[in-house]
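Student: This is the structure I want to talk about, given as C-alpha cells.
Numbering (our numbering), first residue to last: 66 to 584.
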C-alpha cells in the first residue's frame, strides 16, 4: 500500500487517542482517513500498549456496567460490592488530585461524556472487563471494588490496541508506520493547516489533508526535554512505554503555527517501576507488569534506610502517578518496597511474581538488611533496621490506642502510625500493619515515567488547537491524547488518561469529518 499524497483526515499517532479520532472521523463521514506513526509496525500502539487498560468513567453501580463486560460470572455477581461513581465523584477526584488546577471546561467534557464514550467503545468492539485483579479485594467473603475505578480492557493495553486495529480496518482506515511527522503545511493567508510534511521510510513526502489530528504523545522518551522542562534528574528516569515519544509534534506545532502551550509542563505521570527494567523503553512482553504499585500495603525506604513518603495517604490509584517523582528524588533514584507475611499474599501477582521481579527474601529484618546492603545498593543497613523498628513501634502504639480499628484495603481504614503518645515525622495514614513476621520481602524500585502533562490548548468541544497569537482556533488542526494540555497537574486519577484520549479523540474525529464537508 502506497502512502497517499492526500486524504480527508490525517491522524498522527497509533495509540488509543489516535485510533479513537480516526474511527470517529470515519464513522462521521470522512471518506479517506489515514493514520501515520514514526514507529515501525511492531511498536504499534504508543503508550497505550503498555497500560493496564483502565478506564475511569461515571456509572450507576454494578448493574450499569455488567452489560459492558465479559468476565462477570453469574455465580460471583451476588458477592460483588461496587458503589456508584457519580459525576460529582469524578469532578471531586479531578479537582482534589490536581489541586483544583484542572481546566474546568476540559474536565466538564471528560466527566460528562465518559459513560457515553465507554458505551461507544464497547459498541466498536472494545472488550471490557471488571478489574478484579487490580481494583478489588476479597474482604469478608465479598469482592469489594475501591477507588472509583472498575473497568479495564481485556488483556490491558495490548488488547485495546488489537480491538482498535480491528475496527479501524473494518472502516477502511489506512495505517502507515515508519512515517514520521516532520512539520505542518499551512496556508500563509488563512493560517489554516492543509497537510503534513513527513519522512516515509527515509524519504521526504507531503500529505495534503482537510484536517490533521495530532495524537503523537508527549516528550517523556526525550531525556533532553525531560531535563529541560521537568527539571534536574529527570533524564535519569526510566521510560515506561514507547521510545518514540520525543515531543516532535509538540515542538513543530508551537514553532510553525503558534499553537498555544498550556498546562503543567514541569509535571508528569511517573510510577514506582522495577529498578531492573530497561532504561529507555518498555518491554512489549512484560509491559505494565514492571509497575510495582502495592506500596500502600507496606513501606518504602531509600538507599540510606529512611522512609520518605506516606505510603497510605490515599488509595493507590490516586497516588501511583506521582509516587515515581518521590522515588526519583531519593539518593541514586531508587527505593526498596518492604513487606512481610501479613501482606505478601495481597500483592498484585502480575507485578510481584518471581518471573517478573527480583524478590529479595529473608527470614529476619537483619538478614533482609544485610542482603540489600551486600547485593542491592543499600548504604546503611543499621538505619534500615532502625526505620522498620520505629515504624513497628508506632504501629503497635496506634493499635493499642485504637483497638477497634481493623485492616481493610478497600477503604481508608485509619490504621496509622500516629497516636497521642507516638507519631512518626512521616506518617503512614492508612493500612499500617507491623512488619514483624517473616518471611520478609524487599523489591527494589525506581521511577518509571509514563507521559508528560504539558500540552496544547484546545477547544473542549472539538479539540481544535488554539493559536497563541490570536487565541482563536487554528483551522484544520486538532490535538488529543497526551498532547492535550490543561487536564492534569502534578497528579491524575488512575484510568482518566485513556478516558480522556477516547472522549476528545471521538470529539476531534467528528469535528475533523465536519471540516471535510464542502461548504
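Note that CB positions come from ideal geometry on N, CA and C, so glycine has one too.
Here the structure is a predicted model, which is why all the values come from computation and not from measurement.
Does the contact criterion of 3 or more C-beta pairs under 8 angstroms hold for the region 229 to 243 versus the region 201 to 211?
Tutor: Flag = no, the region 229 to 243 and the region 201 to 211 do not touch.
Student: Would you mind listing the beta strand (DSSP E) stretches within the region 504 to 573 that are 3+ residues and don't spill past its ends, in chain order?
Tutor: Counting only runs of 3 or more, we get 505 to 517, 529 to 531 and 538 to 544.
Student: Comparing the C-beta of residue 111 with each C-beta of chain B, is any distance below 7 angstroms?
Tutor: This model lacks chain B altogether; it includes just one protein chain.
Student: Measure the C-alpha to C-alpha separation of residue 226 and residue 450 and round it to an integer number of angstroms.
Tutor: Approximately 46 angstroms, taken between the alpha carbons.
Student: Shortest alpha-carbon distance to residue 154 belongs to which of 232, 571 and 561?
Tutor: Cα-wise, what sits closest to residue 154 is 561.
Student: Exposed or buried, what is residue 468 when buried is set at 16 or more other beta-carbons lying within 10 Å of its beta-carbon?
Tutor: Exposed.
Student: In whole angstroms, give me the CA-to-CA distance for residue 213 and residue 532.
Tutor: The straight-line gap from Cα to Cα measures roughly 36 angstroms.
Student: Pull up the distance between the alpha-carbon of residue 359 and that of residue 161, whole angstroms please.
Tutor: Between residue 359 and residue 161, the C-alpha separation is close to 22 angstroms.
Student: Cβ atoms of residue 197 and residue 332: under 7 angstroms apart, would you say?
Tutor: No, the Cβ-Cβ distance between residue 332 and residue 197 is not below 7 angstroms.
Student: Taking only the alpha-carbon atoms, compute the straight-line gap between residue 572 and residue 184 and give it to the nearest angstrom.
Tutor: Rounded to the nearest angstrom, the two C-alpha atoms are 15 angstroms apart.
Student: In the region 382 to 410, which residue ranges form an unbroken alpha helix (DSSP H) of at least 4 residues, counting only runs that do not cross its ends?
Tutor: Fully enclosed alpha helix (DSSP H) runs of 4 or longer: 385 to 393.
Student: Please state if the CB of residue 133 and the CB of residue 187 are separated by a distance shorter than 7 angstroms.
Tutor: Yes. Within cutoff.
Student: Look at the Cβ atom of residue 546, then the Cβ atom of residue 280, and state whether they are nearer than 7 angstroms.
Tutor: Closer than 7 angstroms, so yes.
Student: Around the C-beta of residue 278, are 16 or more other C-beta atoms found within 10 angstroms, so that it is buried, or is it exposed?
Tutor: By the neighbour-count rule (16 or more Cβ atoms within 10 Å), residue 278 is buried.
Student: What span of residues does the beta strand (DSSP E) with residue 261 cover, start to end?
Tutor: Residues 258 to 265.
Student: Per the DSSP calculation, residue 120 is bridged to which residue(s)?
Tutor: Its beta-bridge partners are 216.
Student: Taking just the CA atoms, how far does residue 415 sit from residue 421?
Tutor: Going from the Cα of residue 421 to the Cα of residue 415 covers about 8 angstroms.
Student: Exposed or buried, which one is residue 131 when buried takes at least 16 other CB atoms within 10 Å?
Tutor: Flag for residue 131 reads exposed.
Student: Buried or exposed for residue 339, going by 16 or more other Cβ atoms inside 10 Å?
Tutor: Label assigned to residue 339: buried.
Student: When DSSP labels each residue in this structure, what does residue 453 get in the three-state scheme?
Tutor: Looking at residue 453 - three-state DSSP - the assignment turns out to be helix.
Student: Going residue by residue through the region 154 to 242, where are the continuous beta strand (DSSP E) segments of at least 3 residues, counting only ones entirely within it?
Tutor: Listed in chain order, the complete beta strand (DSSP E) runs (minimum 3 residues) inside the region 154 to 242 are 193 to 195, 201 to 204, 207 to 210, 216 to 218 and 239 to 241.
Student: Do residue 363 and residue 403 count as a contact pair if the criterion is CB distance below 7 angstroms?
Tutor: Yes, the Cβ-Cβ distance between residue 403 and residue 363 is below 7 angstroms.
Student: Pair every Cβ in the region 386 to 395 with every Cβ in the region 506 to 526, then say whether three or more of these pairs are closer than 8 angstroms.
Tutor: Flag = yes, the region 386 to 395 and the region 506 to 526 touch.
Student: Nearest by alpha-carbon distance to residue 302: which of 274, 431, 123 and 337 is it?
Tutor: Ranking 274, 431, 123 and 337 by Cα distance to residue 302 puts 337 first.
Student: Within the present structure, is the beta-carbon of residue 189 separated from the nearest heavy atom of the ligand COA by less than 6 angstroms?
Tutor: Within the structure as shown, the ligand COA is missing, as the structure has no ligands at all.
Student: Just the Cα atoms here: how many angstroms apart are residue 108 and residue 580?
Tutor: Approximately 31 angstroms between the Cα atoms of the pair.
Student: Going by DSSP, what residue range makes up the beta strand (DSSP E) through residue 275?
Tutor: Residue 275 -> beta strand (DSSP E) spans 268 to 279.
Student: At the level of alpha carbons, what is the spacing between residue 345 and residue 295?
Tutor: The straight-line gap from Cα to Cα measures roughly 17 angstroms.
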